[in-house]
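Going down the list, the sequences are from chains W and S.
Heads up: the first sequence is residues 1 to 481, going by the UniProt record's numbering.
Heads up: the second sequence is residues 1 to 481, going by the UniProt record's numbering.
All C-beta atoms in this analysis are idealised placements derived from N, C-alpha and C, irrespective of residue type, glycine included.
Number of protein chains: 2
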Amino acid sequence: MEKYFTEKWGIFEITLQGPADGNPFVDVRLQAIFKHNHREIIVDGFYDGEGIYKIRFMPDSEGRWEYITLSNRPELDNKRGEFECVKPSTGNHGPVRIKNNYHFCYEDGTPYHPFGTTCYAWIHQPEHLQEKTLETLKKSPFNKIRMCVFPKHYSFNSNEPLYYPFEGSVEKGWDFSRFNPQFFRHLEKRVKDLMELGIEADIILFHPYDRWGFANMGRENDERYLRYIVARLSAFRNVWWSLANEYDAVESKNITDWDRYFKVVQESDPYQHLRSIHNMHNFYDHSKPWVTHLSVQIQTPYLGDIGKWREQYKKPVLIDECGYEGNIEYGWGNLTAEELVRRFWEGVVRGGYVTHGETYLHPEDILWWAKGGELRGESPERIKFLKKIVEEAPVDEINPTSLTSWDVICGGKEGEYYLMYFGNARPAERTIRLPQGKKFKIDIIDTWEMTITPLDGLFEGNIKIKLPGKPYIAIRMIKVE
Amino acid sequence: MEKYFTEKWGIFEITLQGPADGNPFVDVRLQAIFKHNHREIIVDGFYDGEGIYKIRFMPDSEGRWEYITLSNRPELDNKRGEFECVKPSTGNHGPVRIKNNYHFCYEDGTPYHPFGTTCYAWIHQPEHLQEKTLETLKKSPFNKIRMCVFPKHYSFNSNEPLYYPFEGSVEKGWDFSRFNPQFFRHLEKRVKDLMELGIEADIILFHPYDRWGFANMGRENDERYLRYIVARLSAFRNVWWSLANEYDAVESKNITDWDRYFKVVQESDPYQHLRSIHNMHNFYDHSKPWVTHLSVQIQTPYLGDIGKWREQYKKPVLIDECGYEGNIEYGWGNLTAEELVRRFWEGVVRGGYVTHGETYLHPEDILWWAKGGELRGESPERIKFLKKIVEEAPVDEINPTSLTSWDVICGGKEGEYYLMYFGNARPAERTIRLPQGKKFKIDIIDTWEMTITPLDGLFEGNIKIKLPGKPYIAIRMIKVE
């Protein structure tokens with residue numbers, strides 16, 4: 001018997017030949033039970049067209065795994081096999097999990113601080129543009145991307161997609177009971193590309209920007225679609241499920257539907273990837289147990305509610321949409337780079353996370369936020385600078401601290417680490433009440449110019465320090481004794 | 001009989017010799033009845049020290065006025081006289097009144113758009129500094145100033161005043177029943193100086209920044225003080241009464257006191273000057289009938305509540321404190337000039353009014369907001385630019401219009417005049433739905449660079465116009481056909 005090896009949190013894939021007649025997407029049931037020591041995990045397979053069936057599995061433990069298939073078709077049933085799960089390769093830290101209520105880490109314990117961006121329909125653009133998007137992402141600070149499964153019809157984005165998710169055509173209509181494997185193979189390829197870049201794919205399962213009918217398929221088709229995509233994608237460690245973008249603008253579905261769809265995803269996903277849903281105006285009730293974190297859109301420039309939402313839901317708060325750097329006419333897409341960077345700093349210092357987007361007018365309507373391509377803005381460089389500061393911090397998590405007052409925010413860890421941020425205020429000095437009996441080293445950070453200026457000496461207790469008297473200044477205070 | 005002339009809204013002053021013994025401030029009652037045609041107005045006189053009593057009167061109608069004095073002292077009683085009220089001199093438009101619920105005009109009907117500043121303790125500084133303040137004001141766009149009667153004890157302002165309002169001394173304490181006429185003569189001189197510059201004196205009657213006991217004199221002394229200052233100052237047409245600054249920080253007085261003090265001022269003031277009260281955190285109930293307008297402090301950078309407050313109170317909304325241009329450590333005093341100018345534009349376009357202040361660190365702690373002196377900031381020039389735009393508008397009042405949307409504000413008059421303001425958003429284009437069947441000329445205004453760029457041609461209906469794609473841009477649209 002040939003021996004197979006799969007790295008931990010890699011993908012073990014079984015390919016089987018089976019029936020191509022009838023409608024295999026509907027008629028054929030296929031699962032596999034994966035067994036390791038005392039554990040059995042049941043995984044759904046899927047039909048990949050042309051008589052090919054696949055089952056994908058992401059092992060989470062090293063050692064020997066056995067499997068056996070289950071199907072209502074004899075040729076797919078009772079297939080057995082095994083593989084050896086070996087240690088993960090460099091850069092593979094497993095899927096992202098919640099840590100300490102408000103934060104994240106990879107499954108191997110490595111901290112994960114989301115610094116996301118938004119390219120809703122990048123996979124539906126011409127191949128060369130997709131490649132350019134990946135090139136851009138590779139050089140960027142972003143480790144999460146919000147992206148839609150379905151093509152998008154919206155301002156600056158009205159082209160037809162490369163592939164359609166179902167059999168049929170724009171002219172003849174769609175057979176929602178027959179998936180187009182080519183579409184999903186392409187989606188998977190792009191999720192894998194992101195995985196190799198260390199980028200979490202925040203996959204948006206439904207959205208309202210639709211002219212094809214994919215937003216309005218009815219409950220049966222919706223659920224079949226959800227089970228299918230979970231079967232295909234959940235073995236990718238970098239997958240997050242976003243039930244919808246602007247769910248409250250999807251007119252055909254109500255809260256009961258969303259509750260049900262959350263549960264379908266939750267029940268079908270053997271790995272329990274992160275799950276959320278993104279609002280336009282009205283929050284979905286994030287306290288529901290199947291919601292792992294908040295994925296918020298806000299229309300206000302200040303992120304002062306992060307603290308309130310942390311307390312209320314005891315979950316991580318991701319401001320996944322707070323406007324984009326750009327110059328289009330809509331208020332959500334014409335922030336200055338300074339303002340988007342300010343929101344990133346505000347969100348992080350308040351103990352939340354913020355997602356980037358870019359919407360500069362382009363002669364061919366190639367706006368990053370919709371189509372990807374190249375980044376032209378000034379914020380990514382500053383977001384990288386902030387990300388480095390967060391990653392270098394002597395603490396894994398930034399939470400609100402007592403040094404926050406009405407006119408300045410300060411995150412970090414009480415007594416250990418403080419990151420104080422003044423936003424567009426521009427004090428030329430500041431009195432700070434550091435804990436007594438501990439000594440801190442202090443850096444003045446110009447978050448826009450990306451300079452870090454250490455102050456001479458160590459500081460303790462009530463101090464007054466000089467500041468540059470310009471906006472976008474932070475003070476970093478690290479306990480050294 | 002000698003004939004006297006006083007201009008309309010000027011001051012006719014009667015001086016009488018009377019008793020200097022005992023305590024004339026308490027013991028002597030003095031009034032005059034002024035009569036013109038069918039009207040009689042009763043005016044309180046006051047003791048000015050050294051046996052001198054005065055009665056001041058501001059006539060509001062041209063023609064012959066007669067008077068007779070009333071007193072509990074024979075030597076002050078039953079004095080008669082008359083004067084001829086003549087038409088006002090250039091620049092004298094009378095006191096400011098409320099117009100159309102949300103706005104102001106002078107009593108002669110001339111529109112008045114408040115563009116105020118703040119110099120709380122300017123009259124308590126050395127004379128040369130006061131003169132400098134007046135010089136600065138003369139060149140400034142400001143037509144209202146918030147200023148305290150009592151000296152101020154606060155950060156950057158701990159010097160003793162030139163004069164004290166009562167007999168006594170810091171060492172020996174004060175006799176609150178005996179006013180210091182020198183103090184009040186000086187105050188009046190400065191109010192008159194402002195009047196001559198066309199500046200409304202928004203006179204703050206109480207405030208909490210006190211080390212002398214003036215914030216805590218007890219009800220009897222408070223009321224005597226109020227009646228005395230109203231008797232002395234109400235004939236000045238440029239007087240506004242601000243019952244207090246940060247009234248909710250004055251610990252010795254409660255809402256019942258403030259209600260009562262409002263009524264004392266209202267009852268004593270024959271001319272019904274504008275009356276308001278300024279909060280720290282908690283609004284006084286502006287719906288009370290003796291409040292003529294809102295004098296608001298807000299701690300948030302956006303002024304989106306102006307519309308709500310207009311609807312709720314049906315009174316003018318003055319944002320008398322929304323932070324100051326400066327660089328001190330406190331968040332209320334380290335706005336950039338850009339941000340303060342943005343707040344001015346936002347307030348005006350929302351149908352409200354905004355007050356300036358400046359708080360730059362100074363080697364001798366001469367901060368404009370407390371002490372006056374010189375303006376060093378970049379906002380006054382831009383406020384002047386905005387003021388000119390408002391004054392040149394073909395409408396007297398700016399109210400919210402239907403062109404306001406979630407991401408842009410637009411004030412003006414429906415169908416006639418629109419002033420659309422983008423704040424720190426920076427669209428490179430904008431779709432605007434102008435009324436059909438009317439033609440508009442359009443100017444692009446860079447509110448920071450202070451440029452006005454007319455667009456070629458006339459515009460009607462749904463249009464899309466190019467914009468500079470930078471912050472602080474406004475669009476002015478004026479109906480021409």
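6 Å Cβ shell around residue i - same chain, five flanking residues per side excluded
i      : result
N221/S : F176
L30/S  : G45, Y53, S71 and L76
Q125/W : K371
K99/S  : C105
I432/S : I463
Rounded C-alpha distance that separates residue i from residue j
i      : j      : result
E75/S  : D396/S : 50 Å
V264/W : K79/W  : 26 Å
Y313/W : F142/W : 26 Å
Y418/S : D285/S : 32 Å
R227/W : E135/W : 31 Å
G437/W : G461/W : 7 Å
S234/W : V341/W : 33 Å
I452/W : I445/W : 5 Å
T336/S : G331/W : 22 Å
D259/S : K315/S : 18 Å
L375/W : F344/S : 34 Å
K172/S : H186/S : 23 Å
F184/S : K8/S   : 24 Å
I478/S : D456/S : 13 Å
I11/W  : M58/W  : 5 Å
P137/W : F206/W : The sequence given here places Leu at residue 137/W; Pro does not occur at that position. Going from the Cα of L137/W to the Cα of F206/W covers about 24 Å.
T69/W  : I55/W  : 9 Å
T404/S : Y421/S : 9 Å
L361/W : H153/W : 17 Å
G303/W : Y353/W : In the sequence as presented, Gly is not what sits at residue 303/W; that position holds Leu. C-alpha separation (whole angstroms): 10 Å.
P380/S : K470/W : 19 Å
V291/W : P270/W : 16 Å
K139/W : G412/S : 48 Å
P95/W  : Y324/W : 27 Å
Identified DSSP bridge partners for residue i
i      : result
K35/S  : E40/S and E66/S
Q436/W : Its beta-bridge partners do not exist; DSSP assigns none.
F46/S  : K54/S
E391/S : DSSP, once it has assigned bridges, lists no residue as partnering E391/S.
C85/W  : T6/W and G63/W
V191/S : Per DSSP, none; premise fails for V191/S.
P454/W : D443/W
Cβ neighbours of residue i in the same chain (closer than 8 Å, five flanking residues each side left out)
i      : result
M280/S : E246, Y247, D248, A249 and Q297
G63/S  : H36, N37, E84 and C85
CB-CB length for residue i against residue j, believed under 8 Å
i      : j      : result
V230/W : S268/W : 4 Å
R237/W : G307/W : With a Cβ gap of about 31 Å, R237/W and G307/W do not count as contacting.
N424/S : A425/W : With 8 Å as the limit, N424/S and A425/W do not qualify as a contact, their Cβ atoms being about 14 Å apart.
T355/S : D320/S : 4 Å
G357/W : T118/W : 4 Å
W309/W : L274/W : Not really, about 17 Å apart at Cβ, beyond 8 Å.
M147/W : I199/W : At roughly 10 Å, the Cβ-Cβ gap does not stay under 8 Å, so M147/W and I199/W are not in contact.
Assigned exposure category for residue i - 16 Cβ within 10 Å defines buried
i      : result
H128/S : exposed
E131/W : exposed
W369/S : buried
W65/S  : buried
H113/S : buried
E391/W : exposed
K189/W : exposed
I389/W : buried
Own chain partners of residue i with C-beta closer than 7 Å, once the 5 adjacent residues on each side are dropped
i      : result
K384/S : P141
G213/W : W174
G168/W : W174 and D175
D193/S : L134
N101/S : K314 and K315
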